[in-house]
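Chemist:
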Amino acid sequence: MSKYISIGVIVLVISVGCFWFITNNNVDFKEVHQKIAEDGQARIIVKISPENQKATGMVVADYNTIDNQILVLDVNETSLEILEDNNLIQEIGLDERVKIFLPQSSVIIESDKVNNLIQTQNLTGESVGICLLDTGVDKYHEGLQNTIVNEACFCKNCCQGDDTSLNATDDNGHGTHIAGILSAAQTINGIAPDSKIVAVKVMDSTGSGWASDLISGINYCIENKDSYNISVISLSLGGGSYSSHCNGQGLLTRLYGESIDLAVSNNISVVAATGNLGSPTSIAAPACIENAIAVGSVNKDDTISTYTSRNSITDLLAPGNEITSLKLGGGTVIMSGTSMSVPHVSAAIALLQQYKKEESNSVLTSAEIENVLKQTGVQIYDSATNLNFSRIDVYEALKSIDNLAPSIYDFKTYESVKNNENLTFDFSASDIFLDSKYIEINNQTYSIDYMLDTSQFNISDEISYRYYANDTNNNVRSSDLFSFTIQEEDSTIGITLIIPSNNSYLVNGTNEFSYYAVDDDLVNCTLNVNNQEFFNETTNETISYLVDIQEDGNFTVYCYDSLLNYNEETNFFTVNFTEEVVIKPYCGDGNCDSSETCSSCSSDCGACPASSSGGGGGGGGGGGGSSATSSVIQTIPAVNKTTEPAIEKNIIEEPEIVPEKTIENQTSSRVATGLAVKNPPKVLFNWKNIVAGSLLLVLLFFGIKGLHIIHKK
């Protein structure tokens, strides 16, 4: 079927070309015939006349198009013969297969040093975009969360998902491993863990793909440069073998060169692997392109890996042997190859670009970066080529481009200084390449640990000073100019004890203690209450504490200032109980107290003897029966602990009979359920007594009369 499609396309190209009468430019088909003879067919790249817009527009649906004058076609011998007669074809060439080249390494290139601080920020490639063209990326890997910012796929017949052009799913594992070296976090740390990856799938599950797809991927990265701040294109792949720069060695390499040159002109560095053939004379494409940065591999002992291809156009070396990085589906895996060397350089470029952005809001060109990495790298001699290669060193590269002076902060200042003080000066400074800190006093330079003796100055002398810091590149920063005036020594620290006053009486429990201290250079005050100490560094204000007190004692406040002047004040206090609880005797407590009688509390004092007068006794009994006893709990102040406290007695008495003339003015002190009531007085003559007496006389009269009648009978 593909045969007929190919023939149909060729016929279409030929028929359209007849309208323009364009002549064939002596295109060489020999290489394509040879490839078809070996494999039965060939994938070719065809450059057609720019006037043939209609033809190119019609074949885009079936064949990958790099631009509107380039077609990618699968041909056999028959369809190739038809193409040979097509006057529209300007140039033809074979499409090549590219394939993959199979972080303790961060210590080797010293990127771990610069992952620390640049001023107050981490240098981790933050906000720098890296376009990774590979087998795709496992965006769900725990080490790549929040790292993949966009995806695309140019791998013919191997793109996956609903929208295949926007899905860079890794089905091989190589791309995920490379992404981990670039910017992994959590599981392991990549070289630039905060950089962002634009994942572009250009190779299939076997780790191979077409060069034409790779070129399309490079062009995609250029088109999306501004959207994702793409500063690097990372290519851990390649094909072919070239002993020198290959820009003009056929249509394919010329297309490589055009795309890479366009990337570099947009300030995007293109980093490519030299290959794993172990050749000392040739490297793969597109690493052979002049504007690409060709990278080979070194072992962890800085010896050149035996499998690395290299020659005189190899630009840099980086660790590539036994590199631990992310594994497809989760976890980590160890891989080796020039493929692993490329992301080390790509991530290093991201770090350099971030640094320049932080330093001066500028960017480095691709040529500047390449030169810096070459000039500052560790030189490694290769006996097979008799050449020296530069293994990257990110720390040294940053030093060479550093124009940023250290930052200065947390510096100590003085406003008022006594004439006998010894002053120390200190501050903080940060810089990746910080070298020294020092102080300038009255235009004289001193080390930062210098102690200034102010006694050498006169009263009212003004002292000026400022802080300095510099780095190893002699970038210097200074603070503002500060000054102070020498003042006469004041040796008195004023201390006022506020609460409690001297010789106070305090309650047993929590009491407030407060004081006020004043001094120009007060350093510290301490409150001591019965050997309990409370510190306060706040100066010149009232200080209060709540302290639990259980016994008599004293409290002292002592202070000292920066001149080591000392003062203290002491007050004494006495602790008294503010109240005592006394339980008064009451009826029913089992004790016959002196305030109780047999009539008022028979349960404690026993029953009273029978009275000789029934009426009186009855009356007394009635009186006693109407009285109610109560127990009263009262508190009385303790005036002196050694004096027996007086006990107020609750007395319950019988009402007494008093003369009639005093009845209206008499009340008793009886207490019933806590309420005082009047005690009504007894009287001899009232209507009840008169009636009872009259009845008694009548009964007595009839009784005597009855006895008299009986006696007569």
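Read in order, the letters of the sequence shown correspond to residues 15 to 727 in the working numbering.
Even for Gly, the Cβ is constructed at its ideal location relative to N, Cα and C.
1. Quick one: measure Cβ to Cβ for S197 and G139, integer angstroms, because I've assumed they're closer than 8 Å.
2. Across which residues does DSSP place P420 in a beta bridge pair?
3. Assign Q368 to buried or exposed, taking buried as 16 or more other Cβ atoms, counted over all protein chains shown, within 10 Å of its Cβ.
4. Excluding the 5 residues flanking A361 on each side, which residues of the same chain have their C-beta closer than 6 Å to its C-beta?
5. Please report the residue range of the alpha helix (DSSP H) in which S279 lies.
6. For M465, list the residues DSSP reports as bridge partners.
7. Out of S311, N305 and Q263, state which residue places its alpha-carbon closest to the alpha-carbon of S293.
8. Taking C-alpha atoms, which residue in S474, E547 and V589 lies nearest to G523?
9. Below 8 Å on the Cβ atoms is my contact criterion, and I expect G189 with V151 to pass it. Report the Cβ-Cβ distance as a whole number of Å.
10. Decide if A51 is buried, meaning its Cβ has at least 16 other Cβ atoms within 10 Å, or exposed.
11. Just the Cα atoms here: how many angstroms apart are S219 and T149?
12. Give the secondary structure of L365 by DSSP, where H, G and I count as helix, E and B as strand, and everything else as coil.
13. With three or more beta-carbon pairs closer than 8 Å as the criterion, would you say the stretch 535-548 touches the stretch 613-625?
14. When you compare the stretch 151-163 with the stretch 370-386, are there three or more beta-carbon pairs, one atom per stretch, that lie closer than 8 Å?
15. Run through the DSSP bridge pairs and tell me what M349 is partnered with.
16. Under 8 Å between the Cβ atoms of S404 and L331?
17. Which class does K61 belong to by DSSP, given the choice of helix, strand or coil?
18. Nearest to I454 by alpha carbon, out of L180, N243 and Y482?
19. Could you give the distance in angstroms between the alpha-carbon of Y559 and the alpha-carbon of Y529?
20. State buried or exposed for S469, treating a residue as buried only when at least 16 other CB atoms are found within 10 Å of its CB.
21. Determine whether the beta carbon atoms of A411 and V386 lie at a separation below 8 Å.
22. Assuming A364 and V142 are in contact, meaning their beta carbons sit under 8 Å apart, how far apart are those beta carbons, in whole angstroms?
23. Thinking C-beta only, is I563 closer than 8 Å to N525?
24. Should P623 be labelled buried (16 or more other beta-carbon atoms within 10 Å of its own) or exposed?
25. Using only the alpha-carbon positions, how far apart do A298 and D407 sit?
26. Taking buried to mean at least 16 other C-beta atoms within 10 Å of its own C-beta, is A398 buried or exposed?
27. Residues in the same chain with beta-carbon distance under 8 Å from H259, minus the five sequence neighbours each way, listed in chain order, please.
28. Which term fits K675, buried or exposed, when burial requires 16 or more other beta carbons within 10 angstroms of its beta carbon?
29. Considering only residues of the same chain and omitting the five flanking positions on each side of K451, which have a CB-CB separation below 6 Å?
30. Give every residue of the same chain whose Cβ lies closer than 7 Å to the Cβ of A182, excluding the five residues on either side of it in the sequence, and list them in chain order.
31. Between the alpha carbons of D315 and T322, how many angstroms are there, rounded?
32. Do you know whose CA, among N579, V377 and E91, lies nearest D535's CA?
33. Give the DSSP-derived three-state secondary structure of G254 in the structure shown.
34. Give every residue of the same chain whose Cβ lies closer than 7 Å to the Cβ of Y395, excluding the five residues on either side of it in the sequence, and list them in chain order.
35. Taking only runs of the beta strand (DSSP E) that begin and end inside the stretch 545-596, which ones reach a length of at least 3 residues, in chain order?
36. Can you find the residues in the same chain that come closer than 8 Å, C-beta to C-beta, to G54, ignoring five residues on each side of it along the sequence?
Modeler: In short, the structure shows the following:
1. With a Cβ gap of about 7 Å, S197 and G139 count as contacting.
2. None; P420 has no bridge partner.
3. Per the 10 Å Cβ criterion, buried.
4. Beyond the five residues adjoining it in sequence on each side, A361 comes within less than 6 Å, by CB distance, of L196, I205 and A206 in the same chain, given in chain order.
5. Note, S279: alpha helix (DSSP H), L265 to S279.
6. Under the DSSP definition of a beta bridge, M465 partners with T438.
7. Of the candidates S311, N305 and Q263, the one whose C-alpha sits nearest the C-alpha of S293 is S311.
8. Nearest to G523 by alpha-carbon distance, out of S474, E547 and V589, is V589.
9. Contact flag correct, Cβ pair sits at about 5 Å.
10. Burial call: exposed.
11. Their backbone Cα atoms lie some 7 Å apart in a straight line.
12. The DSSP-derived three-state label of L365 is helix.
13. The stretch 613-625 and the stretch 535-548 do not touch, with fewer than three beta-carbon pairs separated by less than 8 Å.
14. These segments do not touch.
15. M349 is bridged by DSSP to I337.
16. Yes; because the gap between Cβ atoms is below 8 Å, this pair is in contact.
17. DSSP places K61 in strand when its eight states are reduced to three.
18. Looking at the sequence shown, residue 454 is not Ile but Glu. Per the C-alpha coordinates, the member of L180, N243 and Y482 positioned closest to E454 is Y482.
19. Approximately 9 Å between the Cα atoms of the pair.
20. Its Cβ having fewer than 16 others within 10 Å, S469 is exposed.
21. Contact flag set, yes.
22. A Cβ-Cβ separation of about 4 Å places A364 in contact with V142 under the 8 Å criterion.
23. Between N525 and I563, the C-beta spacing is below 8 Å.
24. The residue in question, P623, is exposed, as its Cβ has fewer than 16 Cβ neighbours within 10 Å.
25. For A298 and D407, the gap between their C-alpha atoms comes out near 24 Å.
26. A residue is called buried once 16 or more other Cβ atoms fall within 10 Å of its Cβ, and A398, having fewer, is exposed.
27. Sequence-distant Cβ neighbours of H259 in its own chain, meaning closer than 8 Å and more than five residues away, are C302, I303, E304 and I327.
28. Summary for K675: the model assigns pLDDT 38, below 50, so the residue's position carries little reliability; its value from the coordinates is reported in the next sentence. So K675 counts as exposed.
29. These residues qualify, in order along the chain: A443, I462 and A483.
30. So the list reads G150, V151, E165, A166, C167, A213, V214 and K215, once near-sequence residues are dropped.
31. As the crow flies, the alpha-carbon of D315 is around 15 Å from that of T322.
32. Here the closest residue by C-alpha is N579.
33. The three-state secondary structure of G254, taken from DSSP, is strand.
34. Same-chain partners within the cutoff: N402.
35. Runs of the beta strand (DSSP E) inside the stretch 545-596: 546-550, 556-563, 567-575 and 580-590.
36. For G54, where only same-chain residues beyond five positions count, the Cβ hits under 8 Å are N90.
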